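Report on the following structure.
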Amino acid sequence: MATRGRADPAKTRQAVLAIADWLHDETHSAPDRDALGTAVRLTARALSTLAPGSSVEVRIPPFAAVQCGSGPKHTRGTPPNVVETDPRTWLLLATGLVTVADAAARGALILSGSRAREIGSWLPVVRLSIGTTPSGLPAIPDRDAD
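Here the sequence shown stands for residues 1 to 146, numbered as in full-length UniProt numbering.
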């Protein structure tokens, strides 16, 4: 498991590259839980390093939750600005394979609060080029299908 602290760009990129085939094509075999969790935690930590602060909480259950973005500080209860998504969608966002607007339009990203959309200005944290897939973009799971 990744240790807490400052994001290491080389380790973050290595963790993402380890699961890149699955990000490019969800029919590719899914990564094991440890590899997926490491990639999620390290990219979330990279986001909090790039955008220090605590005005927006980004949740990627069951692996990570980070606070980021300068502005009003949240200390107790439900944060006023929350972003929540599944691990695959988060990694697609974190790598630039999908935009915040596209993920939100598909229902794969929940944005709550006036500042939640600001995460789009801090992404991607690790850039992957879009591979050749049937649709040209990785598929995002539809939350309503679950």
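Glycine included, C-beta positions come from ideal geometry on N, C-alpha and C.
Model, not experiment: these values are computed from the prediction.
Point to revise | Rounded C-alpha distance that separates alanine 116 from isoleucine 110 | key: 9 Å
Review point. Does the count of Cβ pairs from the region 95-108 and the region 55-73 closer than 8 Å reach three?
Key: no
Review point. Which residues mark the beginning and the end of the beta strand (DSSP E) in which arginine 59 is found?
Key: From DSSP, the beta strand (DSSP E) with arginine 59 extends over 56-60.
Exercise for review: Taking leucine 47 as part of the alpha helix (DSSP H), name the residues at either end of that continuous run.
Suggested key: Start and end: 33-50.
Exercise for review: Report the option in Pro87, Ile119, Ala101 and Asp102 whose CA atom is closest to the CA atom of histidine 60.
Suggested key: A quick correction: the sequence has isoleucine, not histidine, at residue 60. Of Pro87, Ile119, Ala101 and Asp102, the smallest CA-CA separation from isoleucine 60 is found for Pro87.
Review point. Which residue or residues does DSSP assign as beta-bridge partners of serine 112?
Key: Val82
Check your understanding: Along the chain, where does the beta strand (DSSP E) that runs through valine 126 open and close?
Key -> Counting along the chain, valine 126 falls outside any beta strand (DSSP E), and DSSP gives it neither H nor E.
Practice item. May I ask which residues mark the beginning and end of the alpha helix (DSSP H) holding valine 16? Key: 9-18
Point to revise | Where the beta strand (DSSP E) through valine 66 begins and ends | key: 64-68
**Study point:** Residue nearest to asparagine 81 in terms of C-alpha spacing, selected from Val16, Arg33 and Gly53
**Key:** When each option's Cα is compared against that of asparagine 81, the closest is Gly53.
Check your understanding: What did DSSP end up calling serine 29 once you bin it into helix, strand or coil?
Key -> coil
Check your understanding: Is the CB-CB distance between alanine 7 and leucine 42 below 9 Å?
Key -> yes
Check your understanding: Expressed to the nearest angstrom, what Euclidean distance is found between the alpha-carbon atoms of aspartate 34 and proline 62?
Key -> 12 Å
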